[in-house]
Amino acid sequence: ASIQSTATMRNLRYTFLERRTMSAGAILLVLQVGLLACRPAQATSVLGPIIDEDGSNHACYSTADTLCANANYQTAGFPNFRNHYTPAEASSEMDDFLQVGGAQCSPAAVHFLCSYYFPFCSSDEAVLHAVVIIPPCRSLCQLVYQQCAHLLLMHGSQWPPFLNCSLFPVPTSDAEEEESPLCYGPQDPSTLQPIAVPGFYTPLPPLPHP
């Protein structure tokens, strides 16, 4: 069975799973809420979690005062999957997408952009200072691509090659598989509610039922 949410993606619980492929005593921090167990279709090209066992090359930063301040998690990992070293670098590039209305084309758009530019990050001082950074799931990317790619074309742009959905992991049906990496996103991304982007976009409240 896939990892299931026990309440909402805002209620975060952590589980520590031993990985036999890591050095003795190393622990993989796994986000249980809002993450799916995933297996890349092509291991050579699909993004997997960044696992920095001693935290010497990556760090978790607060998402407060960033474009992703309203994301469903509070810490993002850098360098990110785009090799941005600071939140300021990530914000600058994410801003380009938002300028063409990318926050409004899909309720899942900001969730996807944040999970790529400000990817969920977990660390634990008590466990070898390990840092784990999680990529977005392919299904989340695909939904946003289907709903937003045409908007970029209307503005003379194309969907960026580094956001090609085939680069992101695919959910598996077996969350217990030892070598199965993780990705960020619900099983059904269409259920996501839009989130505000400070300075760009505030979702309208839903219309009342007649």
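Residue numbers (our numbering): 7 to 216.
The beta carbon of each residue, even a glycine, is placed where N, CA and C say it ideally should be.
Only a predicted model underlies this, so the values are computations on that prediction, with no experimental measurement involved.
Rounded separation between residue i and residue j - CA only
i: C154; j: C120; result: 15 Å
i: A82; j: D101; result: 17 Å
i: P204; j: D71; result: 8 Å
i: F126; j: P141; result: 8 Å
i: L157; j: H135; result: 42 Å
i: V176; j: V150; result: 15 Å
i: Q148; j: C171; result: 6 Å
Under the three-state DSSP convention, the category residue i falls into
i: F219; result: A question about residue 219 goes unanswered here, because the residues of the chain that appear run from 7 up to 216.
i: Y122; result: helix
i: G205; result: coil
i: T197; result: helix
i: L146; result: helix
i: L158; result: helix
i: S52; result: Rather than Ser, the amino acid found at residue 52 in this sequence is Val. In the structure shown, V52 sits in coil (DSSP, three-state: anything other than H, G, I, E or B).
i: A181; result: Here the model assigns A181 a pLDDT of 47, short of 50, so the residue's position is not dependable, and the following value carries that caveat. DSSP places A181 in coil when its eight states are reduced to three.
i: A109; result: coil
i: A70; result: coil
i: A136; result: strand
i: A65; result: strand
Nearest-angstrom Cβ-Cβ length linking residue i and residue j, presumed shorter than 8 Å
i: V116; j: P200; result: 7 Å
i: A65; j: V138; result: So it is not a contact: roughly 12 Å between Cβ atoms.
i: F124; j: T69; result: 6 Å
i: F87; j: L53; result: 6 Å
Cutoff 8 Å: residue i Cβ touching any chain E Cβ
i: G191; result: Absent from the structure: chain E. Only one protein chain is present.
- Task: Ignoring anything shorter than 4 residues or poking outside the region 73 to 106, list the alpha helix (DSSP H) runs there in chain order.
- Result: Entirely contained in the region 73 to 106, the alpha helix (DSSP H) runs reaching 4 residues are, in chain order, 93 to 105.
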